[in-house]
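Chemist:
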Amino acid sequence: MGWNRKVLRVDLTAGTCKEEPLNMQWAQDYLGSRGLATKYLVSEIDPKVDPLSADNKMIMATGPLTGTMASTGGRYTVVTKGPLTGAIACSNSGGFFGAEMKFAGWDMIIFEGKSPKPVYLFVENDKAELRDAGHLWGKSCWDTEETIKHELQDPLVRVSSIGVAGENQVLFACVVNDLHRAAGRSGVGAVMGSKNLKAVALRGTKGVSGIKDFRAFMKATTDAKKVLADNAVTGQGLPTYGTQVLMNVINEMGALPTRNHRDVQFEDAGKISAEAMAEKRPSDGKSQLVTNAACFGCTIACGRISEIDKGHFTVKNSPKYWGASGGLEYEAAWALGAANGVGDLEALQYANMICNEQGMDPISFGATVGAVMELYDMGVITKDILGIEAPFGSAEALAKMVEMTAMGEGFGKEIGQGSKRLCTKFGHPELSMSVKGQEFPAYDSRGIQGMGLTYATSNRGACHLRSYTVASEVLGIPVKTDPLTTEGKPELVKAFQDATAVFDSAGICVFTSFAWTLADVQPQLDAACEGEWTMDKLNEVGERIWNMERMFNNAAGFTAKDDNLPPRLTTEPAKVGPAKGLVNGLATMLPEYYRIRGWTPEGEPTTETTARLGL
Amino acid sequence: MSAQLKMKIAFKLFASLTDYLPADRKGNRLELEVDEGTTVADLIRRYNVPEKSAHLVLVNGVFIPPSERIRHRLQAGDELAIWPPIAGG
Ligand code: SF4
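So the sequences go chain by chain: F and L. For what it's worth, this note's numbering labels the leading residue of the first sequence as 388, then goes sequentially. For what it's worth, this note's numbering labels the leading residue of the second sequence as 566, then goes sequentially.
(1) Kindly give me the distance between the Cβ atoms of C689/F and F898/F, rounded to whole angstroms, as I take these residues to be in contact under 8 Å.
(2) Would you tell me roughly how many angstroms separate the C-alpha atoms of A915/F and T609/F, rounded to the nearest one?
(3) Three-state secondary structure (DSSP) at M566/L?
(4) State the DSSP-derived secondary structure class of D600/L, mapped to helix, strand or coil.
(5) Since I believe F813/F is in contact with L762/F (beta carbons under 8 Å), could you give me their beta-carbon distance rounded to a whole number of angstroms?
(6) If I'm right that V651/F touches G964/F with Cβ under 8 Å, what's the distance once you round it to whole angstroms?
(7) Who are the Cβ neighbours of K526/F in its own chain at under 7 Å, not counting the five residues just before and after it?
(8) Return no unless some Cβ of chain F is closer than 7 Å to the Cβ of F576/L.
(9) Just to confirm, is the Cβ distance from A474/F to K823/F under 7 Å?
(10) Hey, T701/F and A722/F: beta-carbon distance below 7 Å or not?
(11) Could you name the residues of chain F that L623/L contacts, counting a contact when the two beta carbons are closer than 9 Å?
(12) Mind listing, in chain order, the residues whose beta carbon lies closer than 6 Å to a non-hydrogen atom of ligand 1?
(13) Need the endpoints of the beta strand (DSSP E) that M664/F sits in, please.
(14) Under 7 Å Cβ-Cβ, which residues of chain L neighbour F883/F?
(15) Counting Cβ pairs, one atom from each stretch, are 3 or more of them under 8 Å apart for the segment 637 to 647 of chain L and the segment 616 to 629 of chain L?
(16) Buried or exposed: A448/F, going by 16 or more other Cβ atoms within 10 Å of its Cβ?
(17) What in chain L is Cβ-close to G624/F, meaning under 8 Å?
(18) Below 8 Å on the Cβ atoms is my contact criterion, and I expect A902/F with L615/F to pass it. Report the Cβ-Cβ distance as a whole number of Å.
(19) Looking at chain F, is there any beta carbon in it that lies within less than 7 Å of the beta carbon of V627/L?
(20) For Y717/F, I'd like the list of residues in its chain whose CB is within less than 7 Å of its CB, leaving aside the five on either flank, ordered along the chain.
(21) Going by beta-carbon coordinates alone, are N564/F and F484/F separated by less than 7 Å?
(22) By DSSP, does D565/F sit in helix, in strand, or in coil?
(23) Listed in chain order, which residues of the segment 468 to 493 of chain F have Cβ atoms closer than 8 Å to some Cβ of chain L?
(24) Can you find the residues in the same chain that come closer than 6 Å, C-beta to C-beta, to D748/F, ignoring five residues on each side of it along the sequence?
(25) Considering only C-alpha positions, which residue in the set P644/F, A663/F, E666/F and G492/F is nearest to R590/F?
(26) Taking just the CA atoms, how far does R931/F sit from W920/F?
(27) For the segment 586 to 606 of chain F against the segment 779 to 790 of chain F, are there 3 or more C-beta pairs whose distance is under 8 Å?
(28) Should the segment 973 to 983 of chain F be regarded as contacting the segment 945 to 963 of chain F, the criterion being three or more beta carbon pairs within less than 8 Å?
(29) Determine, using beta carbons only, whether L862/F comes closer than 7 Å to chain L.
(30) Using beta carbons (cut-off 7 Å, strictly below), is L645/L in contact with chain F?
(31) With H, G and I counted as helix, E and B as strand and the rest as coil, what does DSSP make of K435/F?
(32) To the nearest angstrom, how far is the alpha carbon of E516/F from that of G460/F?
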């Protein structure tokens, strides 16, 4: 089966927890996790709902492979209507929380309404209850997790929580589990905060039962693990250097957005790269990187565990940050560093720790700081307004702003609204480097053309995890395409979008796709899940999920006009590097993309498309 | 016979390939004076970088496919950068 066939519905207004059967027809049509939870959400909420109102719902969901022996099968997803974007929000996270939900016997937890006072949900196998969280309110994610484990006298409880940022409804607040793992984007943590839900603590001892064909599943997962181990990227590259190894690659290619996308190369990229993390510091003779780490059941282990320089100005008086902690991933290092022109690796690690501690998405936070620094540079935001000096490149300003934003102090409240609202307020909406209100990740679409279309059409706003064409355009996976041309990119983007929807909905990590194709996932799903899971069916499920998300966004008020990029990327050519003189060719790609999607020129799925996909 | 003309280029090895650079490297970068006409493959060989480890090869940020490395002649001022199989996200 793969599924537990059980949904926990938590009515926060009434304070009740009820069990209901999983809709198995929907499981056949939408698989699990991202797809299935989105199906529940779009069936239950008004697309026009205010994301921070009691009428919005939030779903935490596992996939059929979550908690199983499939490699990376530890993922869970948080699905809701996102406050940063007003679009569908769907953020997934690794760690151990997802598998624990499965072991407790549940496929997903649906939260509805709003609790009159702070609470947390405690689930121990079949038992589920809301508990007072008055004493946890105001605590960081780290302290919340520790306090709950201590109170329950159980170190094996798995906790997902919001920090002060989520309580304050910072629009890019995230939900943090297992200390350093996060459902990071679109402000899912703000929705949790708006519901007065501080945390979810799970303990499951049932294991996973009901695999359809256990023998076939053993074989399929073993074969697939061998593919990961034998592949040079997933077997050696990712565990050794992590995602951060991309910093120098993308910089060389002239596609590293720098100083709020003014530039495409960062002169200090080397100082904030994976290579720099592994190098011994002159100050204490130690490297920042301590070791790699893995999420539940993962045989890749791309995670970074780092130790900051104790003498660095950010922490020299704060011993609590001296220990080993979640380290910099590429996206975070870029957003906190290159996006602001900050080349101080220790300052980036500090900002990264605060983001983990208080529950903020480092991508949107860092990119918003980039916008603030540009407005400061232009004299629009002054020291008087900000309270500090904030020129591009200032590590001091970055450190101060991360504290202000996390704790909701002073100008931090404005930063916590994200770059779109902030830039609009100061009269320069064009300087927000975002799509649908969500900030770009670490690839400049002038140097990697397919990413422009990826960003413009992503259902959750600018994002690299909806269609990572970088794999093809930069790394040659599965085939090398030219990053500087728009040709063939609409097909490439669609293929990546649909396949990624399946990876996400299965409950596995998308990083497996550096070695696996859907053909490696298919036998694992087919052995685990009841029904026939053929390649055709998986391709259709991916496309169905994509269109379902799109239809929700259209109903929420988005139109083709919102499939757009900031003017900087379509009118200001890259100044240096291979893309010198180029802007992103979105206008060439978009009509073709709509056509192959089976959408009208207005970006609406045609009736033939919806009928074909059973939507 | 005239002496072989020389030109300056930069040679960069990243991630685990850094070990193939001589000890006097500056970070990941080495400035070299090479004969005119030197190809990408010449330098990969000269520094004993195993063929299958030279996975991602960029000259001035532009990808050079494996089949072209033996033909691609470097120009003065070129930046040649090489990575083993890697990925990110
Ligand atoms: S590849 Fe990295 S992010 Fe993905 S499951 Fe493994 S450790 Fe976690």
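Built from N, CA and C at the ideal position, the CB exists for glycine as well.
Modeler: Per the coordinate set shown:
(1) 6 Å
(2) 13 Å
(3) Legend: pLDDT at M566/L = 48, less than 50; position of this residue unreliable, value from coordinates given subsequently. M566/L: coil per DSSP, three-state reduction.
(4) strand
(5) 6 Å
(6) 6 Å
(7) T534
(8) no
(9) yes
(10) no
(11) V636, E639, M640 and P965
(12) T459/F, G481/F, A681/F, C682/F, C685/F, I687/F, A688/F, C689/F, G690/F, C896/F and F898/F
(13) Per DSSP, M664/F belongs to no beta strand (DSSP E); it is in the alpha helix (DSSP H), A661 to A665.
(14) The contacting residues do not exist; F883/F stays about 12 Å from chain L at best.
(15) yes
(16) buried
(17) A580, P649, P650, I651 and A652
(18) 5 Å
(19) yes
(20) T630, Q631, L633, M634 and A829
(21) yes
(22) coil
(23) none
(24) F559, C561, G571 and R572
(25) G492/F
(26) 15 Å
(27) no
(28) yes
(29) yes
(30) no
(31) coil
(32) 27 Å
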